[in-house]
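Beneath this line is the structure, given in C-alpha cells, with notes to follow.
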Amino acid sequence: MGAGATGVSRVSRVLFVHIEGNELLNEYHRRVRSADERSFGAKQSKTHESVAGASRAIPTATSPKTQAKKQPRSVPMDVASSFGILAQAFSNTEDVDHMDTYGGVDLDAFSQLITPGSKPKSDGPHMSCTHNVPQTYPLDSYLTTINELLSPRTPDLILGEQHQPFELQRTFELRPPHLSEEDYEYLALKGALRIVPVELRNQLLGSYIKYVHPLLPIIDLQSFLCSVMVEDETRFASPLLHQAVMLAGSAFIAQEVAIGAGFSSRKALRRTLFDRAKLLYEFETENDAYTQIQALLLMTHWHGSGVGHKDPIYWFDLAYSTAERVNLLGSLEPGSFSHKHRLWWCLYVRDRILSLGFRRALRIPNSDVTMSLLESTKYYSSELYHDFVLLMLGEASAMLKWENQERMMLLFIQEIKLAHCVGVIVEYFYHDSWTPSPSGEAVYTLVPKTEISQDAIASCEQLLKTWMQNLPALAHYFPPSLMCDLHPESTELVLLVHQAFLYLLHLTAMSILYIAASKGGDELDQSATPEMRGLASQVNETLNELHDCSMLHLLPGSAVTIIGIILEASLPDLKVSDKIVRQQAMSNLYACEEAAGHLLQTYPAAEIVISKVQNARGNLLGLVTT
Numbered sequence: 000m001g002a003g004a005t006g007v008s009r010v011s012r013v014l015f016v017h018i019e020g021n022e023l024l025n026e027y028h029r030r031v032r033s034a035d036e037r038s039f040g041a042k043q044s045k046t047h048e049s050v051a052g053a054s055r056a057i058p059t060a061t062s063p064k065t066q067a068k069k070q071p072r073s074v075p076m077d078v079a080s081s082f083g084i085l086a087q088a089f090s091n092t093e094d095v096d097h098m099d100t101y102g103g104v105d106l107d108a109f110s111q112l113i114t115p116g117s118k119p120k121s122d123g124p125h126m127s128c129t130h131n132v133p134q135t136y137p138l139d140s141y142l143t144t145i146n147e148l149l150s151p152r153t154p155d156l157i158l159g160e161q162h163q164p165f166e167l168q169r170t171f172e173l174r175p176p177h178l179s180e181e182d183y184e185y186l187a188l189k190g191a192l193r194i195v196p197v198e199l200r201n202q203l204l205g206s207y208i209k210y211v212h213p214l215l216p217i218i219d220l221q222s223f224l225c226s227v228m229v230e231d232e233t234r235f236a237s238p239l240l241h242q243a244v245m246l247a248g249s250a251f252i253a254q255e256v257a258i259g260a261g262f263s264s265r266k267a268l269r270r271t272l273f274d275r276a277k278l279l280y281e282f283e284t285e286n287d288a289y290t291q292i293q294a295l296l297l298m299t300h301w302h303g304s305g306v307g308h309k310d311p312i313y314w315f316d317l318a319y320s321t322a323e324r325v326n327l328l329g330s331l332e333p334g335s336f337s338h339k340h341r342l343w344w345c346l347y348v349r350d351r352i353l354s355l356g357f358r359r360a361l362r363i364p365n366s367d368v369t370m371s372l373l374e375s376t377k378y379y380s381s382e383l384y385h386d387f388v389l390l391m392l393g394e395a396s397a398m399l400k401w402e403n404q405e406r407m408m409l410l411f412i413q414e415i416k417l418a419h420c421v422g423v424i425v426e427y428f429y430h431d432s433w434t435p436s437p438s439g440e441a442v443y444t445l446v447p448k449t450e451i452s453q454d455a456i457a458s459c460e461q462l463l464k465t466w467m468q469n470l471p472a473l474a475h476y477f478p479p480s481l482m483c484d485l486h487p488e489s490t491e492l493v494l495l496v497h498q499a500f501l502y503l504l505h506l507t508a509m510s511i512l513y514i515a516a517s518k519g520g521d522e523l524d525q526s527a528t529p530e531m532r533g534l535a536s537q538v539n540e541t542l543n544e545l546h547d548c549s550m551l552h553l554l555p556g557s558a559v560t561i562i563g564i565i566l567e568a569s570l571p572d573l574k575v576s577d578k579i580v581r582q583q584a585m586s587n588l589y590a591c592e593e594a595a596g597h598l599l600q601t602y603p604a605a606e607i608v609i610s611k612v613q614n615a616r617g618n619l620l621g622l623v624t625t
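Mapping of the sequence shown onto numbering that gives the first Met the number 0: residues 0 to 625, in sequence order.
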C-alpha cells in the first residue's frame, strides 16, 4: 500500500473491535471464541484476566481535567482490550507524531503511553522536493482514523440508506490487488464502498454536469458516464473518483431528493459522501496519480465545520503535491492534446480561487504558467453520448449537446484568464506573513505590501479591464429576470449561474486591488474609496438578482469568499460622518448577511460572514466592546 502500509493494517485490525453495530460485534466475538477453542484452550480465562488488568490500568493515566468530567459509561471487555492493543501498536515513536482530543473524547489516558517523537518525512506520494509544495507527513491521516475509533462514527455513513431494500443495496466489487483483505473488509463495514441508489445517483450526476463540470472540467465526462451508467457500475475502476464526483454534485440537489433517498438531510448526504471519499483516499485504494488528483480537487468542494486541519486547502495541497511528483506540468506539450492539459488548468484555477478565500500564498508561481497551453486545451469530445446516458440524465442531458459544451469550454477558458489576473494581483500586492488572529494566535496569511508602485496598480487595473473588454458576448452576465419566461432548469439559466460567478469574481479581483492599493499594509480603518463602494454595490445588486430568481444557492462555495471580501470593504464606511455613505454601508452589510444565510445550508463557512455582520452591528449599537 505504499508508505505506512503496515501502520494502516495495524490500525484496521484494531478498528474492527470498536465499530458499533451488533453484526460486527457478534462476528468479532464469534472469531475470538473460535480462535480460543482451536489455539488457547484452557488459557482463555488467564488471557481475559490480563486484559482486564490492563483495562483497569488505563483510567489511572487520565489528567485531573479528564477526571473532573462526567464519567463515561463502562467500557466492554473487548473494547478495553482494543485500547491496550492500540497503545501497544503506537508505542513506537516512529509510528505516530501526536494524538489529540476529537469528538469530545479525551485522549489524556494515552498521553503517558505514547512517547511523541520526531516528525518522519516520507518520500512517498504526498511529498515533493519543490520548495513551494507543502509537506505532509505519512501519519497525518491516522489522526482521523484514531478519531473514528475513539468517537462515535458518522451515523449516516451506512445507515443513511436504511430505507433502501437489501436487494437494491450496491457496493463496489473490485478489490485493488494492493489492498489487504482486512482493510477491504473495514472499508466495506464503514460503508465507504456503498454506491448510492440509482435514482439519487442520476440526480447527483445531473447536478455535477450542470453546476460543477462547466468551470472545473476535471474528468473525461463521456468516459465516466458510460462506465457508470451503461457498464456495470459495481465494477467501476476507481471508487474514490466515483464518490468524489457524487460529493461535488451533492451541493446542488434539492433537500427533498436527499431525504427521499433515506438520508436525514442534504447536509447528512454530503457528510456521508465526503467520509466515504476520505476513507478511500486515506486507505490508498487508488494507485493512479492522475485519478488521485481528480478526486482530491473535487474534495476541495467540501466545506466542513471549520474544525480540524482538513479544509479545502489540505486537499488541494495533496493534489498539487501529487501533480509535482508526477511532473504534470512538464509532461504537457503545446500543440498536442491530452486530458492532462485540462487537469493542469483545473489545478491552476483552484489555486487562485483558494488563495483568495483562505488568504494563503499561491502554490503555483506565475512564472510556471504558459498561456500558450490554452491552445491545446480541449474541453469536450465530439463523439455522441450513449442514448441510455441521455435517458438517465433527463433534463440535464441538454448540457451535453455540442453547442452547450462549446459554451462551457468558452466559460472555462475565460475563467483561466481571469485566474491569471488574480494571480498577478496577489503576487504584486500581497505577501505571506505571520499575523495575530483575534484569538491571540499567530496565523500564516496574506497581508498587503507596505510599498506598492503606481505603475503596478495601473498595470493590474488595466489587466482586469482588458479581460472584461475582451469577454465574449456569450460569457457576459445579465440579470436573470430578463429570462423569467424560461424553465428554471433550462440550459440558459444554468449557464447564467456560471456567467454570474465570473462576473462576481471579476468585481472581487477589482476590490482586492483597490483595498491593497489604498491601504497598503494598514488595516481597513479609513473610509472606503468611491471605487470600492461602487464595486460593493454591484456585487450586492447581483446577489439580490440571483436571490430574486431563486438561483443564489446554485453559486459555488467560492461565493462565500466573494461575500466576505465585499463585507470587509464596506466595514470602514460604518464609521464615517456622511449619513448617506453609512446607510449604503449598512445596506451592504444586510445584503451580505442575507446572501450568506442562503448559502449556509450548503457551505458552513458562511457562518463566519454572518458572525462578522453581527459583530459590526453590535459595535454600532454599543453592544460589543472592541
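All C-beta atoms in this analysis are idealised placements derived from N, C-alpha and C, irrespective of residue type, glycine included.
Buried/exposed call for residue i, threshold 16 Cβ in 10 Å
i, result
"residue 450", "exposed"
"residue 522", "Bear in mind that a pLDDT of 44 at residue 522, under 50, signals an unreliable position, so the number given afterwards is only what the model happens to contain. Looking at its Cβ environment, which holds fewer than 16 other Cβ atoms inside 10 Å, residue 522 is exposed."
"residue 189", "buried"
"residue 251", "buried"
"residue 326", "exposed"
"residue 202", "buried"
"residue 214", "buried"
"residue 505", "buried"
"residue 443", "exposed"
"residue 233", "exposed"
"residue 172", "exposed"
"residue 291", "buried"
"residue 197", "exposed"
"residue 534", "buried"
"residue 92", "Residue placement at residue 92 is flagged as unreliable, the pLDDT there being 36, under the threshold of 50; the coordinate-derived value follows with that caveat. The residue is exposed, with fewer than 16 neighbouring Cβ atoms inside 10 Å."
"residue 302", "buried"
"residue 617", "exposed"
Cβ separation of residue i and residue j, assumed to be a contact under 8 Å, to the nearest whole Å
i, j, result
"residue 356", "residue 560", "4 Å"
"residue 224", "residue 388", "5 Å"
"residue 328", "residue 344", "Actually they do not touch by this definition, with Cβ atoms about 11 Å apart."
"residue 532", "residue 445", "No, residue 532 and residue 445 are not in contact; Cβ-Cβ is about 23 Å, not under 8 Å."
"residue 509", "residue 463", "6 Å"
"residue 501", "residue 417", "6 Å"
"residue 257", "residue 276", "The pair is not a contact, with the Cβ atoms about 17 Å apart (cut-off 8 Å)."
"residue 312", "residue 353", "6 Å"
"residue 474", "residue 498", "6 Å"
"residue 611", "residue 573", "With 8 Å as the limit, residue 611 and residue 573 do not qualify as a contact, their Cβ atoms being about 12 Å apart."
"residue 647", "residue 349", "Since the first residue of the chain shown is 0 and the last is 625, residue 647 is not available in this structure."
Residues bridged to residue i [DSSP beta-bridge criterion]
i, result
"residue 447", "429"
"residue 441", "435"
"residue 194", "169"
Minimum C-alpha distance to residue i - residue among the options
i, options, result
"residue 457", "433, 472, 489, 423", "423"
"residue 549", "533, 582, 480", "480"
"residue 441", "433, 577, 177", "433"
"residue 599", "584, 614, 558", "558"
"residue 209", "554, 580, 584", "554"
"residue 281", "264, 168, 238", "238"
"residue 630", "412, 552, 618, 584", "Not covered by the structure: residue 630. The range shown for the chain is 0 to 625."
"residue 581", "490, 529, 235", "529"
"residue 429", "514, 372, 454", "514"
"residue 244", "253, 200, 262", "200"
"residue 322", "333, 346, 299", "346"
"residue 542", "413, 176, 592", "592"
"residue 402", "369, 540, 491, 286", "491"
"residue 673", "460, 192, 240, 478", "The chain is shown only over 0 to 625; residue 673 falls outside these bounds and no answer can be derived."
"residue 310", "473, 273, 332, 590", "273"
"residue 427", "191, 407, 452, 197", "452"
"residue 486", "394, 448, 419, 476", "394"
"residue 368", "338, 390, 333, 337", "333"
"residue 206", "398, 615, 302, 540", "398"
"residue 362", "279, 391, 330, 320", "320"
"residue 219", "421, 478, 455, 341", "341"
9 Å Cβ cutoff, residue i in contact with chain C
i, result
"residue 416", "As a matter of chain content, chain C is missing from the structure shown, which is built from one protein chain."
Segments assigned alpha helix (DSSP H), at least 4 residues, entirely inside the region 327-383: 338-357
Sequence ranges, alpha helix (DSSP H) only - wholly within the region 470-549, length at least 4: 490-518, 529-547
Give the list of continuous alpha helix (DSSP H) stretches no shorter than 4 residues that lie fully inside the region 248-283. 254-259, 265-281
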